[in-house]
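Worksheet: the structure to be examined is printed underneath.
In our numbering, the protein residues as written are 26 to 109.
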């Protein structure tokens, strides 16, 4: 098991996925975040919205293409717990 706290601001961010990771649980805190999985960068108005307090599971494939950006003016944080 590994852990990462990823600050999400107005710049597109990607998680640092450990080599043996099979899945991860993500905890969205502090702000609304937009995400994409398909290699196209999200923006404040484009991408799947994940709201403050949301929690979700992601597969290795999803994590490898995951890109995140804040939706509004407030920075957020996404806490990833990685499982191998």
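Idealized CB from N, CA, C, for every residue including glycine.
Since the structure is predicted, the reported quantities are computational estimates derived from the model, not experimental observations.
| Check | Outcome |
| --- | --- |
| Whole-angstrom distance between residue 36 and residue 105, CA atom to CA atom | 19 Å |
| Counted within 10 angstroms of its Cβ, other Cβ atoms place residue 4 as buried (16 or more) or exposed | What is shown of the chain runs 26 to 109, which leaves residue 4 out entirely. |
| Selection from 103, 87, 67 that minimises the alpha carbon distance to residue 51 | 103 |
| Close-in-space but distant-in-sequence residues of the same chain around residue 84 (CB under 8 Å, 5 per side omitted) | 47, 48 |
| Short Cβ contact (9 Å threshold) for residue 93 with residue 33 | yes |
| Inter-residue Cα distance where the pair is residue 61 and residue 38 | 11 Å |
| Run of the alpha helix (DSSP H) containing residue 89, from where it starts to where it stops | 85–90 |
| Candidates 99, 89, 97: closest to residue 41 by CA position | 89 |
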